[in-house]
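Numbers -9 to 412, taken from this note's numbering, label the letters of the sequence shown in order.
Written below as structure tokens is the structure these notes are about.
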Amino acid sequence: MKNLLYILLVTLTFTACRSSRALLTKQLDNKLSTPFYKNQFTGILVIDAETKDTIYDRESDKYFIPASNTKIFTLYTAIKTIPDHIPALKYIESNDTLYFEGTGDPSFLHPYLKDSTAFTFLKSKTNLVYVTDNFQDKKYGPGWAWDDYQWYYSPEKNALPLYGNVVMINTNQGIQVTPPYFKDSVLNMNHTDQRKETSNLFFYPTQGRDTLEIPFITSTATTRSILENTLNQKITTRPRMPKGTKKTLRGINADSLYIRMMHESDNFIAEQLLILAASELKDTLSSAMARTYILENQLADLGQSPRWVDGSGLSRYNLFTPQNMVEVLNKLYIDLPRERLYTIFPAGGLSGTLKNRFAGNQKPYIYAKSGSLSNTYCLSGYLITNSGKTLIFSVMNNHFRNSTSDERTHLEAMLQMLRDHY
């Protein structure tokens, strides 16, 4: 009798689950069949995080431009390669001289991270030699818009970033310029641009915002000059390290970088994290090498091979599938404790780029990364249903002519269906 009741209970539960899933499928199919989605491309994959059952699938093996959803792959690469504390510098001390090289660490006196580990270390030394030839990358990613050079979201990449590779101009109390090295290169005048395209000459309007962030042009000479100005001591350069065993100076907690990258969609930190990953794999700083390594090793089992060209998603050359996103999100779900995972991802209605969207009634039900470019909006992450289940999802929308706000509104309605009915 007990066995019969057990079998009956299991059968009823299974039937209810199938019925619930069938209802969800119908609701989502109806939603995606409306005129709103007629002239755009949409791919969706939703799975149960525990059972790995597919809850909904629409064109999930097709390629889409991911925008900042690319940062999910960058996050996974960083977690798999970078220690808990970022390598701030590598160095060799010989007699009374310190030879040091960059690792790509973006936190050196970054205006928001404010890490002074490398600064304090170098300040305590004399006879500094900056080693320059370990960077084997380009300052911009392939496919980046050339005219973004003056905007805060597109700083140049390099081996030894300083101050986030941006000039910050604050006019709240007089004119304050950071780094101070550039104070004589900032002009108070109305200009069509914020910076000269080919030189470090900056402009801020006579009336306007209190704070401007403008990327500066990086070079070995500029890096050395900023360091000399900041450390108040002479620095020489040489192309290669002397013979010897390099030591590593550990800096800021890695999660500080991951949280800022994911919450603020910080493109600069995303790009530098791939360079940091390369520094842990080899002496050569190459983001392409880091991407290739992770795809050929930890991500060799992906259902489709993505086209992955940068760390931030600024490039439209990137091509990923919703299945790619869910597979990596699932790996993160398995590898990381929930509290850490959900702290790194923006929470709907609470933090980061989702602060004003996807709010739950009592607590967040969405922990996800958004990605936006013109005519592109993607959202991938984790959804907690009212029944307490966790879903892993990726929704990728390309080539729409609607407003991004409208795309978010329609997506929010679909995610609420999943929350309420699964």
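Virtual Cβ for every residue (Gly too), placed ideally from N, Cα, C.
Check your understanding: alpha helix (DSSP H) containing E83: first to last residue?
Key -> Here E83 belongs to no alpha helix (DSSP H); instead the beta strand (DSSP E) covers 75 to 84.
Practice item. Starting from the C-beta of E91, find all residues in its chain whose C-beta is less than 6 Å away, skip the five residues before and the five after it, and write them out in chain order. Key: Taken in chain order, the residues that qualify are K80, V121, N124.
Review point. If you check the beta carbons only, do N388 and F54 fall under 7 Å apart?
Key: Remark: C-beta atoms of N388 and F54 approach each other more closely than 7 Å.
Exercise for review: Apply the 10 Å Cβ neighbour rule to H100 and answer buried if 16 or more other Cβ atoms are within range, or exposed otherwise.
Suggested key: Residue burial is scored here from C-beta neighbours: H100 has at least 16 other C-beta atoms within 10 angstroms and is therefore classed as buried.
Check your understanding: Whole-angstrom Cβ separation of K359 and S370, contact assumed at under 8 Å?
Key -> Contact between K359 and S370 holds: their C-beta atoms lie close to 6 Å from each other, under 8 Å.
Review point. Does DSSP put N320 in a helix, a strand or coil?
Key: Residue state for N320 is assigned as helix, using DSSP reduced to three classes.
Review point. Does the separation of the CB atoms of P77 and I259 fall below 7 Å?
Key: No, the Cβ-Cβ distance between P77 and I259 is not below 7 Å.
Practice item. Evaluate I324 with the Cβ neighbour count: other Cβ atoms within 10 Å of its Cβ, from every protein chain shown; 16 or more gives buried, anything less gives exposed. Key: It counts as exposed.
Check your understanding: Is the distance from the Cβ of R409 to the Cβ of N376 below 7 Å?
Key -> Yes. Within cutoff.
Point to revise | Nearest-angstrom Cα separation, counted from K113 out to L309 | key: Rounded to the nearest angstrom, the two C-alpha atoms are 44 Å apart.
Review point. Whose C-alpha, out of L152, P145, T212, is nearest the C-alpha of S175?
Key: Nearest option by C-alpha distance: T212.
Check your understanding: What does a CB cutoff of less than 8 Å around N180 pick up in its chain, not counting 5 residues either side in sequence?
Key -> For N180, where only same-chain residues beyond five positions count, the Cβ hits under 8 Å are F193, P195, T196.
Review point. Would you call the CB atoms of N148 and T238 closer than 7 Å?
Key: No, Cβ-Cβ distance for N148 and T238 is not below 7 Å.
**Study point:** Same chain, Cβ closer than 8 Å to E40, neighbours up to 5 away in sequence not counted
**Key:** K379, T380.
Point to revise | Cα-Cα separation between I225 and I216, rounded to whole angstroms | key: So the alpha carbons of these two residues sit roughly 10 Å apart.
Check your understanding: So which of P312, G234, L322 has the shortest CA-CA distance to P49?
Key -> Reading off the sequence shown, one finds Glu at residue 49, where the question assumed Pro. Of P312, G234, L322, the residue nearest in Cα terms is P312.
**Study point:** Same chain, Cβ closer than 7 Å to Q126, neighbours up to 5 away in sequence not counted
**Key:** Hits under 7 Å: T274, L275, S276.
Check your understanding: What are the partner residues of Y367, as DSSP defines its beta bridges?
Key -> Partner(s): S362, N387.
Practice item. Taking only the alpha-carbon atoms, compute the straight-line gap between I334 and N85 and give it to the nearest angstrom. Key: Between I334 and N85, the C-alpha separation is close to 43 Å.
**Study point:** Check whether V299 and Y66 have beta carbons under 7 Å apart
**Key:** No, these two residues do not count as a Cβ contact at 7 Å.
Point to revise | Alpha carbon of L2 to alpha carbon of M386, nearest angstrom | key: With a pLDDT of 45 at L2, under the threshold of 50, the modelled position of that residue is not reliable, and the figure given next carries that caveat. Roughly 35 Å between the two C-alpha positions.
**Study point:** Cβ pair L364, W134 closer than 7 Å
**Key:** Here residue 364 turns out to be Ser, not Leu, going by the sequence shown. No. Outside cutoff.
Practice item. From the DSSP output, read off the bridge partner residues of Q166. Key: Q166 pairs with N160.
Check your understanding: To the nearest angstrom, how far is it from the Cα of Y307 to the Cα of G301?
Key -> Between Y307 and G301, the C-alpha separation is close to 12 Å.
**Study point:** When T182, S10, F172, E203 are compared against P145, the one with the closest alpha-carbon
**Key:** P145 has its Cα closest to that of E203, out of T182, S10, F172, E203.
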